[in-house]
Structure formats: structure tokens, C-alpha cells
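A short write-up of the structure that comes next.
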Amino acid sequence: MLEHVRVGRHQGFDRIAFEFRNGTAAWSARYVPKVVHDGSGKPVPLSGRAFLHVVFHRASVDRPSAGGPDIVRTPSFPTLLQLKEAGDFEGVVSFGLGLRRRVGFRGFRLAGPSRIVIDVAH
Numbered sequence: 000m001l002e003h004v005r006v007g008r009h010q011g012f013d014r015i016a017f018e019f020r021n022g023t024a025a026w027s028a029r030y031v032p033k034v035v036h037d038g039s040g041k042p043v044p045l046s047g048r049a050f051l052h053v054v055f056h057r058a059s060v061d062r063p064s065a066g067g068p069d070i071v072r073t074p075s076f077p078t079l080l081q082l083k084e085a086g087d088f089e090g091v092v093s094f095g096l097g098l099r100r101r102v103g104f105r106g107f108r109l110a111g112p113s114r115i116v117i118d119v120a121h
């Protein structure tokens, strides 16, 4: 169950942290030409020139904890310009990251609390 989505600016990279209750979900992240809503297939409008699609499997969103009906963050960091939820449909939760340009990224798990972290280079 996804509880929180946080973004932060650090020296050399921007960080997105997806916090889960009771362990992290299986996940993937890749660059795509455009991000589309799960289920409808409609484009998700995002700021930026490069788009990273982050997908969690066997997951759902705890709406009261996560911040309402749709999760959106618009930090305008050096690389991360915007994050938008792209779906919570049939056990798949996805997000689009709007980036200033295509850059290197890494993803990893952290514990205490359980998180999937995506770092995008500046």
C-alpha cells in the first residue's frame, strides 16, 4: 500500500521516494515518449522534455495518507519538473516524471520505512 510520495533536491541529483506500508511492491522505471493513464490510455500532461514512467505491481494507494484523489508534485528542481499519478488500476500503480532532459537515473529499495527511491541526475 503506497502511503507517501516525497520529492527532494540534493547535490547532483533530484530524489523521488515512494513510501509503502508493509514492504515495497515489485517495480520498474523506463523512459517513454509519453506517459498515459492506466485503463483509459489518455496522455498524462507533464512538464518537461523527457518522461520517466514508474510502475508498481501488486500495489494500491492509501488516498488519505498519500494526499487525495490524484498525486501531483511540481517542484521545478534542476531535473525533476513534475510528478503525476498515471493510474491506480487493478493492482498497478503508476507515475509519470516530467524531466528537464533525459539523464541517468537509478532506483533502489530502502528500509525503515519501506521505500522505492528514484534518483535522477542533474
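Residues in the sequence shown are numbered consecutively from 0, following numbering that gives the first Met the number 0.
Cβ coordinates follow ideal geometry from the N, Cα and C atoms, glycine included.
Keep in mind that this is a model prediction, so the values were computed, not measured.
Counted within 10 angstroms of its Cβ, other Cβ atoms place residue i as buried (16 or more) or exposed
i: K83; result: buried
i: R39; result: Residue 39 is actually Ser in this sequence, not Arg. S39 is exposed by the Cβ-count criterion.
Residue of the options minimising C-alpha distance to residue i
i: F107; options: G97, H9, V4 and S27; result: S27
i: R101; options: D61, H3, F12 and V4; result: F12
i: P112; options: I15, N21, Q10 and R14; result: N21
i: V71; options: A49, V91 and G95; result: G95
i: S59; options: V119, G103, L1 and P68; result: L1
Straight-line Cα distance separating residue j from residue i
i: G86; j: L51; result: 14 angstroms
i: D37; j: H56; result: 12 angstroms
i: A16; j: S64; result: 14 angstroms
i: R5; j: A24; result: 17 angstroms
i: P32; j: K41; result: 13 angstroms
Proximity of residue i and residue j at Cβ, strictly below 8 angstroms
i: L79; j: L98; result: yes
i: F76; j: R8; result: yes
Three-way DSSP call (helix, strand, coil) for residue i in this model
i: S113; result: strand
i: R62; result: helix
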